[in-house]
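Chemist: Straight run, no breaks: the sequence shown in my numbering ends on number 592. Beta carbons are placed, not taken as given, at the ideal position from N, Cα and C, and that holds for glycine. This is the structure I want to talk about, given as structure tokens.
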Amino acid sequence: MSKFTTFLAAATAASLATGAIAPANAQGAMMNTGQQVQATQAGVHPTFAHFREPQLMTSLYDGDIRNTGKSKVDTMYYLMKIISVFDEPQVWYRIGQHADVALDPELAPVARGLIATNPELMRPMGQAGLQGVLGALVAMGKERRNQMNRGTFDPFAEIAAFNRGQIQHTSPFARLAANANHDAKNLMLLAQEDPDAFMQAYEGIRQFVYRY
């Protein structure tokens with residue numbers, strides 16, 4: 381297998397790993413994006429105690445959009461995933477037509493516009509992507525040198541090193557998206573069980589996006 385073929389295989393594998401989450405023992409130095417699962421329960425509304433981001437959802441529910449327990453950028457990324465889930469056509473069947481027609485049809489386009497045009501929101505994702513590519517190349521190069529010193533050739537070890545280098549920097553966003561996807565499902569259940577509580581939480585989401 382040529383070096384180019386090895387690199388191409390590594391790049392392909394890495395593209396599949398973009399949404400991967402690093403193992404727990406590799407997360408110590410990462411930014412605190414989706415790691416507040418064990419949030420302090422003081423002040424958390426019982427409705428959101430089983431959410432992945434209970435403090436954040438409680439703050440939105442209470443209308444305290446300036447104190448979500450996360451950075452403004454992280455909160456926006458989290459909410460963007462939830463908004464995207466609720467923008468899917470099948471949500472009509474999951475939360476019922478009455479709740480569906482009460483949703484703001486302009487919320488998703490506005491949120492996507494912010495993500496695409498606001499430098500504050502674009503910068504962390506762009507930096508993580510660039511660092512992921514550089515980290516992947518450095519890790520693969522180091523593995524290649526180690527193999528040359530040992531007189532071995534293992535393309536799959538190079539691919540694994542490439543992926544580790546990338547995941548180290550992109551994992552926080554993948555974790556945040558995973559938490560948001562889980563909480564979007566919890567919100568769908570809330571819409572069925574307590575429509576008023578759901579709409580109050582949804583209004584908090586709207587207010588955060590429109591006031592960003």
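Can you find the residues in the same chain that come closer than 6 angstroms, C-beta to C-beta, to Y457, ignoring five residues on each side of it along the sequence?
Modeler: Only L556 meet the Cβ criterion.
Chemist: Look at the Cβ atom of L436, then the Cβ atom of G449, and state whether they are nearer than 7 angstroms.
Modeler: The answer is yes: Cβ separation under 7 angstroms.
Chemist: How many angstroms separate the CA atom of N339 from the CA atom of R591?
Modeler: The displayed coordinates of the chain run from 381 to 592. Any statement about residue 339 would go beyond what the structure contains.
Chemist: In whole angstroms, what is the alpha-carbon distance linking F542 and G515?
Modeler: C-alpha separation (whole angstroms): 8 angstroms.
Chemist: Give the DSSP-derived three-state secondary structure of V518 in the structure shown.
Modeler: In the structure shown, V518 sits in a helix (DSSP, three-state: H, G or I).
Chemist: Can you tell which of R432, T427, D480 and D442 has the C-alpha that lies nearest to the C-alpha of F466?
Modeler: Of R432, T427, D480 and D442, the residue nearest in Cα terms is D480.
Chemist: Could you compute how far the alpha carbon of D454 sits from the alpha carbon of P575?
Modeler: For D454 and P575, the distance between alpha carbons rounds to 27 angstroms.
Chemist: So what does DSSP say about H430, is it helix, strand or coil?
Modeler: In the structure shown, H430 sits in coil (DSSP, three-state: anything other than H, G, I, E or B).
Chemist: Per DSSP, what kind of secondary structure is G493 in: helix, strand or coil?
Modeler: Here G493 sits in helix by DSSP.
Chemist: If the criterion is Cβ atoms closer than 7 angstroms, does the pair M460 and A429 meet it?
Modeler: Against a cut-off of 7 angstroms, the Cβ pair of A429 and M460 comes out as no contact.
Chemist: CA-CA distance, L517 and L501?
Modeler: Their Cα atoms are separated by approximately 26 angstroms.
Chemist: Locate the alpha helix (DSSP H) running through Q587, then write down its first and last residues.
Modeler: It spans P575 to Y590 - the alpha helix (DSSP H) in which Q587 sits, taken as one unbroken run.
Chemist: When you compare only the Cα positions, how much space is there between S464 and L510?
Modeler: Going by the C-alpha atoms only, they are around 25 angstroms apart.
Chemist: Between which two residues does the alpha helix (DSSP H) harbouring L459 extend?
Modeler: First-last of the alpha helix (DSSP H) with L459: K452 to F466.
Chemist: Quick one: what does DSSP say Q470 is sitting in, helix, strand or coil?
Modeler: In the structure shown, Q470 sits in coil (DSSP, three-state: anything other than H, G, I, E or B).
Chemist: Check whether the Cβ atoms of R586 and D484 sit closer than 7 angstroms, and answer yes or no.
Modeler: Yes, these two residues count as a Cβ contact at 7 angstroms.
Chemist: Use the C-beta contact count for N405: other C-beta atoms within 10 angstroms, 16 or more gives buried, fewer gives exposed.
Modeler: At N405 the pLDDT is 49, less than 50, meaning the model places this residue with poor confidence and gives no usable figure here.
Chemist: Rounded to whole angstroms, how far is the Cβ of A554 from the Cβ of A400, which I believe are closer than 8 angstroms?
Modeler: The Cβ separation is near 6 angstroms, so the contact holds.
Chemist: Among Q477, I539, A519 and D534, which residue has its Cα nearest to the Cα of Q572?
Modeler: Answer by Cα proximity: Q477.
Chemist: Relative to the C-alpha of M579, which candidate in T427, A482, F588 and Q470 has its C-alpha closest?
Modeler: Closest option to M579, Cα to Cα, is A482.
Chemist: Using 10 angstroms around the beta-carbon of P499, count the other beta-carbons present and answer buried if the total reaches 16, otherwise exposed.
Modeler: Exposed: under 16 other Cβ atoms inside 10 Å.
Chemist: Report yes if the C-beta distance between G584 and Y473 is below 7 angstroms; otherwise report no.
Modeler: Cβ atoms of G584 and Y473: not closer than 7 angstroms.
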